[in-house]
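The sequence shown begins at -6 in the working numbering and counts up by one.
We treat Cβ as the ideally placed atom computed from N, Cα and C, and that holds for glycine.
Worksheet for the structure shown next.
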Amino acid sequence: MALTDQSTGIRSGEELDASLIDPYLKAHLTDLHGTPAISQFPGGASNLTYLIQYPERELGLRRPPFGHKARSAHDMGREYRILNQLRNAFPYCPQAYLHCTDESVIGSEFYVMQRVRGIILRSDLPPELALDARQTEDLCKSFINKLVDLHRVDYQACGLGDLGKPQGYVQRQISGWSERYEKARTPDAPAWEQVQAWLADKMPADSPTSSIVHNDYRFDNVILDPDNPMNIIGVLDWELTTLGDPLMDLGNTLAYWVQADDPLPVQLTRRQPSNAPGMLTRQAFVDYYAERSGIRIDNFDFYYTYGLFRLAGIVQQIYYRFFHGQTQDKRFARFIDMNRLLEQMSLNVITKSSL
């Protein structure tokens, strides 16, 4: 199907050497014959994903970004373990096949996983999908349902009880992202002082409910069934996953959720079709999540503002690499403008908030 997510040419400076990767893979996996074709999936401001195509088998390969990077966010062994441990309880994880710690193979650690064929939505719904508003609403609710399903996983039963520390999670996220932001702050970056002070003042107590937190759940990290696009068959990018308050994960997701009535500057940041007819508004998203999960949500302004601040921290860390010449990817030059917009969005929320 033409809508199935396709890899593209490899970005300059991010090439893999087939003469090195091929013999390693053939020594560890079966049904690999001939010379592989290597291409790269679009996106990938953090860990990079490649398609390794043999005549009879396709594989996905994940590696850290080239250049200097935040160490904890690019732990290949940790991400590999999450996929292996979680798959039985949450079968939307791609199957992970092997983890390589020998950096002489491609210059870094990496892991190899199943290639899940399907549709990945980016900025807009492809017209070929021809979804009406009701079908789009069903897709949106399926997206929320998968997040609820993840938050319901018994992480102790699947051997991930040591993945994080739920107690004190909210406080650590606020203080941790404040520290990370300051370390990544460049001379042209906003201070975020008012928002950080508000978050510290409005911080809720530890939630009695803890869960696996994906930390990057959005439409371009889920795979739709090509034969039934309202059905999600895969969830990608587990590099930031930990244990914590599920409402923090909800706030992270909605930080990316640009709805139809958001002003033009916000619309220009949209990277998923969350403004399409039939997609829920942020408030309706929260209400549906609360209904499905059974979690009462009285202070969503806090979680949403946290999500915006955290997103700004991620954006600024990437921009820091560009600012200091650690990456030549010109996509990142505009990330400073996104940071400034996110601060203004956060200020608008806290100014209107009743918390």
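| query | On the three-state DSSP scale, how would you describe residue 330? | reply | In this structure, residue 330 counts as helix in the three-state DSSP scheme.
| What residues in its chain sit with their C-beta under 8 Å from that of residue 334, if we drop five residues either side in the sequence? | Correct list, in chain order: 258, 259, 262.
| query | Assuming residue 244 and residue 297 make a contact with CB atoms under 8 Å, what is their CB distance in whole Å? | reply | About 5 Å separates the beta carbons of residue 244 and residue 297, which is inside the 8 Å limit, making them a contact pair.
| field | Three-way DSSP call (helix, strand, coil) for residue 306 in this model | value | Under the three-state reduction of DSSP, residue 306 is assigned to helix.
| message | Quick check: the Cα distance between residue 199 and residue 193, rounded to an integer number of angstroms? | response | For the pair residue 199 and residue 193, the Cα-to-Cα distance works out to about 14 Å.
| message | Considering only their Cβ atoms, is the gap separating residue 140 from residue 249 smaller than 9 Å? | response | Their beta carbons are not under 9 Å apart, which means residue 249 does not touch residue 140 by this criterion.
| query | For residue 167, does the three-state DSSP call read helix, strand or coil? | reply | Residue state, collapsed to three classes: helix.
| request: Give the secondary structure of residue 222 by DSSP, where H, G and I count as helix, E and B as strand, and everything else as coil. | output: Reduced to three states, the DSSP call for residue 222 is strand.
| query | Nearest to residue 57 by CA position, among 308, 67, 50, 34, is which residue? | reply | Shortest Cα-Cα distance from residue 57 to any of 308, 67, 50, 34 involves 67.
| request: Pull up the distance between the alpha-carbon of residue 157 and that of residue 348, whole angstroms please. | output: Cα-Cα distance, rounded: 29 Å.
| Residues bridged to residue 93 (per DSSP) | Residue pairing from DSSP places residue 93 in a beta bridge opposite 103.
| Does the separation of the CB atoms of residue 195 and residue 295 fall below 9 Å? | Yes, the pair counts as a contact, with Cβ atoms nearer than the cut-off.
| query | So is residue 1 buried or exposed if we call it buried at 16+ other beta carbons inside 10 Å? | reply | Taking all protein chains shown into account, residue 1 has fewer than 16 neighbouring C-beta atoms within 10 Å of its C-beta and is therefore exposed.
| said: Using a Cβ distance threshold of 8 Å, determine whether the region 114 to 127 contacts the region 179 to 192, with at least three qualifying pairs required. | reply: Contact fails: fewer than three Cβ-Cβ distances are below 8 Å.
| Looking at the unbroken alpha helix (DSSP H) that takes in residue 137, where does it start and where does it end? | Run containing residue 137: 126 to 145, per the alpha helix (DSSP H) assignment.
| message | For the beta strand (DSSP E) containing residue 204, name the first residue and the last one. | response | If you look at residue 204, you'll find it in the beta strand (DSSP E) that goes 204 to 206.
| task | Please list, in chain order, all residues of the same chain as residue 358 whose beta carbon is under 7 Å from its beta carbon, the five residues on each side excluded. | result | This structure cannot speak to residue 358, because the chain is shown only from -6 to 348.
| 7 Å CB neighbourhood of residue 274 in its chain, flanking five on each side removed | Once the five neighbours on either side are set aside, the close Cβ partners of residue 274 are 252.
| query | Does the Cβ of residue 230 have 16 or more other Cβ atoms within 10 Å, making it buried, or fewer, making it exposed? | reply | The residue in question, residue 230, is buried, as its Cβ has 16 or more Cβ neighbours within 10 Å.
| request: Give the secondary structure of residue 286 by DSSP, where H, G and I count as helix, E and B as strand, and everything else as coil. | output: Assigned with DSSP and collapsed to three states, residue 286 falls in helix.
| query | Given residue -2, which residues of its chain have a CB within under 6 Å of its CB, disregarding the five upstream and five downstream residues? | reply | Excluding sequence neighbours, residue -2 sits near 113.
| said: Run through the DSSP bridge pairs and tell me what residue 53 is partnered with. | reply: Residue pairing of residue 53 in beta bridges, as defined by DSSP: 44, 106.
| Rounded C-beta distance between residue 232 and residue 102? I'm assuming under 8 Å. | Going by Cβ atoms, the distance from residue 232 to residue 102 rounds to 12 Å, so no, they are not a contact pair.
| message | With the cut-off set at 9 Å, would you say residue 238 and residue 279 are in Cβ contact? | response | No, Cβ-Cβ distance for residue 238 and residue 279 is not below 9 Å.
| Are the beta-carbon atoms belonging to residue 153 and residue 203 less than 9 Å from one another? | The Cβ atoms of residue 153 and residue 203 lie no closer than 9 Å to each other.
| Can you tell which of 12, 48, 305 has the C-alpha that lies nearest to the C-alpha of residue 184? | With distances taken between Cα atoms, residue 184 lies closest to 305.
| field | Supposed contact pair residue 146 and residue 82 - C-beta distance, whole angstroms, cut 8 Å | value | Sure, about 5 Å apart at Cβ, within 8 Å.
| Buried/exposed call for residue 100, threshold 16 Cβ in 10 Å | Looking at its Cβ environment, which holds fewer than 16 other Cβ atoms inside 10 Å, residue 100 is exposed.
| said: Let's see if you can read the secondary structure: which residues bound the beta strand (DSSP E) around residue 78? | reply: Segment 69 to 79 is the alpha helix (DSSP H) holding residue 78; no beta strand (DSSP E) there.
| query | If you count every other CB in all the chains shown that lies within 10 Å of the CB of residue 344, and 16 or more means buried, which is it? | reply | Label assigned to residue 344: exposed.
| Quick one: is residue 159 buried, meaning 16 or more other Cβ sit within 10 Å of its Cβ, or exposed? | So residue 159 counts as buried.
| said: Please tell me whether residue 5 and residue 337 are closer than 9 Å, where the distance is taken between their beta carbons. | reply: No, the pair does not count as a contact, with Cβ atoms beyond the cut-off.
| query | Just curious, the beta strand (DSSP E) that residue 31 is in, first and last residue? | reply | From DSSP, the beta strand (DSSP E) with residue 31 extends over 30 to 33.
| said: Using C-beta distances below 6 Å, list every residue in its chain close to residue 91, excluding the 5 sequence neighbours before and after it, in chain order. | reply: Here the set comprises 21, 105.
| request: Measure the C-alpha to C-alpha separation of residue 234 and residue 94 and round it to an integer number of angstroms. | output: The alpha-carbon atoms of residue 234 and residue 94 are separated by roughly 20 Å.
| request: Would you kindly work out how many angstroms separate the C-alpha atoms of residue 9 and residue 53, rounded to a whole number? | output: Near 13 Å, if we compare the C-alpha coordinates of residue 53 and residue 9.
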